[in-house]
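Going by my numbering, the sequence shown opens with residue 158, and the numbers climb by one from there. Here's the structure, in structure tokens; my notes come after.
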Amino acid sequence: MSEFRFVNGAPRKMLLVIEPRSSEFWIKSKATVQVLVEDHDQGLALDVEYLPNGLVIYVEEGRQVEVRQDGRLLGLDKRSRHLGQRLNGREEVAGDAQLRCS
Numbered sequence: 158m159s160e161f162r163f164v165n166g167a168p169r170k171m172l173l174v175i176e177p178r179s180s181e182f183w184i185k186s187k188a189t190v191q192v193l194v195e196d197h198d199q200g201l202a203l204d205v206e207y208l209p210n211g212l213v214i215y216v217e218e219g220r221q222v223e224v225r226q227d228g229r230l231l232g233l234d235k236r237s238r239h240l241g242q243r244l245n246g247r248e249e250v251a252g253d254a255q256l257r258c259s
């Protein structure tokens, strides 16, 4: 498994998106995140896009992905129709509200 690890050092939560599935995760402030991607020991390189309100990680189609926040496994099933707006700061999201699924 290849691993991408980061800490959300921002004072508020951020959006992490895994593409091409468009799986979304709200990452708490100061949380440590691990993104683990199946790579069959090939040392897979991941493309990461930094946007004003979050990160997008691009993974090859068909690869198994796990996302952990402070060691807790997060589900890969949340998706939104307003993803671009949220990542680029055009839509405010209150508190810890859950995302609507498409």
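Backbone N, C-alpha and C define an ideal beta-carbon position, used for all residues, glycine too.
Asked	Found
Glu176 and Val213 - do their beta-carbons sit closer together than 8 Å?	yes
Is the Cβ-Cβ distance between Gln191 and Glu160 less than 8 Å?	yes
What is the residue span of the beta strand (DSSP E) that Glu217 lies within?	It is not in any beta strand (DSSP E) - Glu217 carries neither H nor E in the DSSP assignment.
For Gly219, tell me which candidate among Asn165, Lys185, Lys170 and Asp196 has the shortest Cα-Cα distance.	Asp196
For Val164, count neighbouring C-beta atoms within 10 Å of its own C-beta (all shown protein chains included) and say buried if the count is 16 or more, exposed if not.	exposed
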